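Numbering of the sequence shown is given in our numbering, commencing with residue 471 and proceeding in unit increments.
Quick reminder that beta carbons are idealized off the backbone N, C-alpha and C, glycines included.
Since the structure is predicted, the reported quantities are computational estimates derived from the model, not experimental observations.
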Amino acid sequence: MNRRDDSESGARPEEERHGARRSTWTAAHDGGRPERGRACEHAATVPAAPDRPADACAECRASGGTWRRLRWCATCGHVGCCDSSPGRHAYAHHDSTGHPVVLSLAADEDWAWCFEDEVFLVLETGPPEPGARPGAERRI
């Protein structure tokens, strides 16, 4: 099916279905892991986090549990709690579905994690904007 067929049938690209836009992700330094050969085969297909992220882990809410931070599945849009939360629902979702990458939905975090490749991903930065302070980078 080509793009014309998609638009005629009412189908939307995946990034539109999940309320996200495509971005460029790259493997980043991860503290306790060796840097040699760190790569993620999924990085090229990972969208940015959705513009309107969820405010709760559905599994925790249903069970009366609590969560610390939320993670968004880059494959299907499922929102689960982080590994520091008692339920670890984002990892449980990966474990049951095989969906490899989650993005942090925390306002102070801008990264993704590939469970399959065990790689920390960050958005690539672009060239400075015209008129920006020297050394300042903008986010793509």
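Is the CB-CB distance between residue i and residue j below 8 angstroms?
i, j, result
"residue 516", "residue 571", "yes"
"residue 559", "residue 585", "no"
"residue 549", "residue 524", "yes"
"residue 510", "residue 587", "yes"
In or out: residue i buried (at least 16 other Cβ within 10 Å) or exposed?
i, result
"residue 545", "buried"
"residue 555", "buried"
From residue i to residue j, what does the alpha carbon distance come to, in whole angstroms?
i, j, result
"residue 539", "residue 589", "19 angstroms"
"residue 527", "residue 497", "27 angstroms"
"residue 518", "residue 574", "10 angstroms"
"residue 568", "residue 522", "24 angstroms"
"residue 553", "residue 532", "18 angstroms"
I think residue i touches residue j, with their Cβ atoms under 8 angstroms apart; what is that distance to the nearest whole Å?
i, j, result
"residue 537", "residue 557", "7 angstroms"
"residue 576", "residue 495", "Residue 576 to residue 495, Cβ: 17 angstroms. No contact."
Would the C-beta of residue i count as close to the ligand ADP, meaning under 7 angstroms from any of its heavy atoms?
i, result
"residue 566", "Looking for the ligand ADP in the displayed structure turns up nothing, as the structure carries no ligands at all."
#### Entry: Complete runs of the beta strand (DSSP E) confined to the region 525–560 [at least 3 residues]
540–543 and 549–551
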